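Enquirer: For reference, the structure I am asking about is given below.
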Amino acid sequence: MTRHPRKIIIDTDPGQDDAFAILLALASPEELDVLGICAVAGNVPLNWTERNARVICELAGKPQTKVFAGCDAPLKRPLVTAEHVHGKTGLDGPVMAEPTMPLQPGHAVDFLIDTLRREPSGTVTLCPLGPLTNIATAFLKAPDIVGRVQEIVLMGGAYFEVGNITPAAEFNIYVDPEAAEVVFKAGVPLVVMPLDVTHKVLTNRARVEAFRALGTNVGRVAAEWADFFERFDMAKYGMDGAPLHDPCVIAYLLQPGLFKGRHINVEIETQSDLTLGMTVADWWGVTNRKANAMFMGAVDADGFFALLTDRLGRP
Ligand code: BDR
Ligand code: CA
């Protein structure tokens with residue numbers, strides 16, 4: 001029996017680690033059909049993230065990929081960015097040519113809505129890798145699409161690792177906590193890749209050199225991106241390398257057995273200044289609140305890097 005690739009939409013704010021996720025997805029056409037890529041403001045403003053998404057598609061040799069620009073600011077708050085991690089462009093490191101592939105006409109939110117209405121119900125998976133503004137806006141504008149989503153697999157939040165942008169909050173959730181609340185309360189099957197997992201997939205020297213040793217342009221650029229952004233995390237956390245957060249989402253779609261977690265309740269803090277954007281995860285089951293997310297806690301890091309390096313090396 002022929003298995004059809006799973007249909008996904010990547011919602012992203014590239015970011016070097018987002019770039020690894022997009023490259024991994026585009027290198028896996030047997031398993032994943034990327035219907036489109038929606039850019040959102042996050043790591044850097046929208047004019048950079050939509051440009052970066054196109055740079056990455058061209059690097060992957062997939063300029064026919066549909067890239068849409070989405071929301072340029074969170075639902076209710078001013079945008080917080082992370083140039084201190086990703087550099088001014090969001091993709092600092094190697095010099096990249098400006099993209100020539102076009103940005104699609106129309107807004108990413110309308111693309112999300114139209115696609116979910118057009119495709120058979122339960123056949124499209126959403127893969128958010130940045131703040132959840134585009135997804136929440138689509139759900140608020142067109143509530144009929146919520147029940148049509150197959151699954152959401154997202155990078156965001158933290159429990160044992162607590163926070164990276166504040167002591168209590170992870171960046172993607174912190175930037176737009178109201179949007180995160182909409183998504184976590186939507187009732188869509190949800191898989192969460194928090195810092196608890198992503199801080200275990202570190203770009204140590206051997207892993208970065210394995211990218212470079214691919215001997216391809218993609219391998220060289222991947223190694224140079226890792227060289228650029230790992231400096232920040234190594235200095236901040238004293239880690240061996242930097243976490244590759246966002247490709248955990250795509251790796252899960254390709255090899256779910258690499259990850260282990262618990263199906264638990266996760267709520268988003270939207271009120272407190274001190275803990276804004278915290279993912280309050282009932283890991284120990286101490287409340288009666290209904291489980292709404294598969295919250296990951298463990299990963300086979302060597303298996304993850306073997307998969308990533310193999311796919312990045314594909315012609
Ligand atoms: C998340 O924030 C961004 O800086 C990364 O791209 C990732 O999506 C990690 O907290
Ligand atoms: Ca991201």
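Be aware that the sequence shown starts at 1, since it is given in the numbering used here, and climbs by one per residue. Glycine included, each C-beta is placed from N, C-alpha and C at the ideal position. Here the structure is a predicted model, which is why all the values come from computation and not from measurement.
Decide yes or no for the touch test of the region 207-215 against the region 164-173: beta carbon pairs closer than 8 Å, at least 3 of them.
Expert: Not touching, per the Cβ criterion.
Enquirer: Could I get the ranges of all uninterrupted alpha helix (DSSP H) runs contained in the region 69-122, with 4 residues as the minimum, in chain order?
Expert: The qualifying runs are 83-86, 108-118.
Enquirer: At which residue ranges does the region 179-239 contain complete beta strand (DSSP E) runs of 3 or more residues, listed in the order of the chain?
Expert: DSSP runs (the beta strand (DSSP E)) wholly in the region 179-239: 190-193.
Enquirer: Ligand 2 and Gly87: does the residue's C-beta get closer than 7 Å to at least one heavy atom of that ligand?
Expert: For this step, residue 87 is matched to residue 87 along the sequence shown. Not so, every heavy atom of ligand 2 lies at least 7 Å from the Cβ.
Enquirer: Return the residue from the list Arg231, Ser28, Phe229, Asp13 that minimises the CA-CA distance to Arg6.
Expert: As a working note, residue 6 is residue 6 in the sequence shown. When each option's Cα is compared against that of Arg6, the closest is Ser28.
Enquirer: Kindly list the residues whose CB is nearer than 6 Å to the CB of Thr275, restricted to its own chain and excluding five residues on each side of it in sequence; keep chain order.
Expert: The residue labelled residue 275 in the question sits at position 275 within the sequence shown. If we look at Thr275 and ignore the five residues flanking it on each side, its Cβ neighbours are Ala168, Glu269.
Enquirer: So the alpha helix (DSSP H) Gly303 belongs to, where does it begin and stop?
Expert: As a position in the sequence shown, residue 303 is number 303, starting the count at 1. Segment 301-312, the alpha helix (DSSP H) holding Gly303.
Enquirer: Out of curiosity, what's the CA-to-CA distance linking Val34 and Asp18?
Expert: Looking up residue 34 in the sequence shown gives position 34. Looking up residue 18 in the sequence shown gives position 18. Their backbone Cα atoms lie some 14 Å apart in a straight line.
Enquirer: Would Ala53 and Pro14 be called neighbours here (beta carbons separated by less than 8 Å)?
Expert: The sequence position of residue 53 within the sequence shown is 53, counting from 1. The sequence position of residue 14 within the sequence shown is 14, counting from 1. Yes; because the gap between Cβ atoms is below 8 Å, this pair is in contact.
Enquirer: Would you call the region 241-249 and the region 272-291 in contact, with 3 or more CB pairs under 8 Å?
Expert: These segments do not touch.
Enquirer: Could you work out which residue in Ala179, Thr65, Glu224, Cys57 is closest to Asp92 when comparing CA atoms only?
Expert: Counting from one through the sequence shown, the residue named residue 92 turns up at place 92. Comparing Cα-Cα distances from Asp92 to each of Ala179, Thr65, Glu224, Cys57, the minimum goes to Glu224.
Enquirer: Given 7 Å as the limit, tell me if Asn134 has its C-beta closer than that to any heavy atom belonging to ligand 1.
Expert: Taking the sequence shown and counting its residues from 1, one reaches residue 134 at position 134. It does not: the Cβ of Asn134 is nowhere closer than 7 Å to a heavy atom of ligand 1.
Enquirer: If you measure from the CB of Phe171, is any heavy atom of ligand 1 nearer than 7 Å?
Expert: By 1-based counting over the sequence shown, the position of residue 171 is 171. Within the cutoff, so yes.
Enquirer: Taking Cβ positions, are Cys127 and Ile250 nearer each other than 8 Å?
Expert: For the purposes of this step, residue 127 is taken as residue 127 along the sequence shown, with counting starting at 1. For the purposes of this step, residue 250 is taken as residue 250 along the sequence shown, with counting starting at 1. Cβ atoms of Cys127 and Ile250: closer than 8 Å.
Enquirer: Nearest by alpha-carbon distance to His199: which of Ala186, Tyr159, Ala222, Val191 is it?
Expert: Your numbering for residue 199 matches position 199 in the sequence shown. That would be Tyr159, whose Cα lies nearest to the Cα of His199.
Enquirer: For Thr203, which residues of its own chain have a beta-carbon under 7 Å away from its beta-carbon, when the five flanking residues on both sides are left out?
Expert: Working through the sequence shown from its first residue, we reach residue 203 at position 203. Excluding positions up to five away in sequence, the list reads Ala226, Glu230, Gly241, Ala242, Leu244.
Enquirer: Starting from Gln16, trace the alpha helix (DSSP H) in both directions and tell me its first and last residue.
Expert: Sequence index remark: in the sequence shown, residue 16 carries index 16 (1-based). Run containing Gln16: 16-26, per the alpha helix (DSSP H) assignment.
Enquirer: Can you give the beta carbon distance from Val177 to Gly277, rounded, assuming they're within the 8 Å contact cut?
Expert: For this step, residue 177 is matched to residue 177 along the sequence shown. For this step, residue 277 is matched to residue 277 along the sequence shown. What sits at residue 177 in the sequence shown is Pro, not Val. Between Gly277 and Pro177 the Cβ distance is about 4 Å, and since that is below 8 Å, they are a contact.
Enquirer: Just to confirm before moving on: does the CB-CB distance between Val218 and Leu116 stay below 8 Å?
Expert: The count along the sequence shown starts at 1 and reaches residue 218 at position 218. The count along the sequence shown starts at 1 and reaches residue 116 at position 116. Contact flag unset, no.
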